[in-house]
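First up is the structure itself, then whatever we jot down about it.
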Amino acid sequence: MEEIKRLREMMKSYTAADEDFDSDMNHDIKKPSLAKYHEGSKRIHLPKNFQEIIQNNNFYQFLTERKSFRKYSYDTISLHELSYLLYATQGVKKVIKDQTATLRNVPSGGAIHPFETYIYANNVSGLEEGLYHYLPIEHELEQLTIIGSFKETISEAFLGQMFLTEAPVSFYWSILPYRCEWKYASKAHRVALMDLGCICQTLYLAAESIACGTCMVGAYDQEMADTLFGFDTTPGENKEAEFLLGGAGVGLQ
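This is the structure we're talking about:
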């Protein structure tokens, strides 16, 4: 019960005593980077002319028809369609304030955007099968080296939910918590979880607009998944810490 009580307290809003909470921002410590720098050996430029692939502009219709899909057709996803989904969920519209914040298609507390997007391309036209990291400012993908048998291991890490790796493409979101801790200190984690909800719902709606379906997954083995992606999860006050916080399969309905 003590653990439940602690987690419930995390969900609560600010109190008067929190108004002057201590944070690195208040100590003029340098703000962390807006996004991870590229590390892969190969980068793929993504198109942005999205109007030609939109199949449904009726917002009310795809809002009310939105649901979780775990079974997809065998058709491939085009690189153009993948580009649209990436831009809708994390693409940068503008870098502002002397490179200190980004404006994106999804909201984020303090315009911080603490999440990174990885995708596993299983059946995407124009992409080799494999693992990629999205570069939101450049709107590019970088191909990453896969350690071992990623496809089989990610299915195991996500507790046998095979639809993730059977889908044409699957999305994986990691968080770098210090990005929001820098400003919000102990309140950062509550704000970050709200951000992830916005990203996920945007993926659902964007997928519906191009006749695709998706399903968010939050059940997985944390240690196995983080090890597979090569994240630095060193405990304590590690400002470079990164860990997985969810995934989703995407495919044509």
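Numbering-wise, my numbering puts 125 at position 145 of the sequence shown, and it's gapless, one number per residue. C-beta atoms are modelled at their ideal positions from N, C-alpha and C, and glycine is treated no differently.
- Under the three-state reduction of DSSP, S105 is assigned to strand.
- With fewer than 16 other beta carbons inside 10 angstroms of its own, P87 counts as exposed.
- The beta carbon of C195 sits closer than 8 Å to those of S48, F49, R50, F143, A228 and G229, all from its chain and outside the five residues before and after it, given in chain order.
- In the displayed model, Y164 falls within a helix according to three-state DSSP.
- The three-state reading of DSSP puts I179 in helix, counting H, G and I together.
- In the DSSP assignment, H25 falls outside any alpha helix (DSSP H) and within the unbroken beta strand (DSSP E) covering K22 to H25.
- Per the coordinates, the alpha-carbon of Y100 lies some 14 Å from the alpha-carbon of G20.
- Contact annotation: the region 198 to 211 does not touch the region 29 to 38, with fewer than three C-beta pairs closer than 8 Å.
- Cβ contact annotation for I179 (same chain, cutoff 8 Å, sequence separation greater than five): T69, Q70, V86, F95 and W153, in chain order.
- In the DSSP assignment, Y112 falls within the beta strand (DSSP E) that extends over G110 to L115.
- M(-9): member of the alpha helix (DSSP H) spanning E(-18) to M(-9), first to last residue.
- Between the alpha carbons of E222 and W162 lies a gap of roughly 14 Å.
- Within a 10 Å sphere around the beta-carbon of N102 sit 16 or more other beta-carbons, which makes this residue buried.
- For L144, there is no enclosing beta strand (DSSP E); the enclosing alpha helix (DSSP H) has its first and last residue at F143 to E146.
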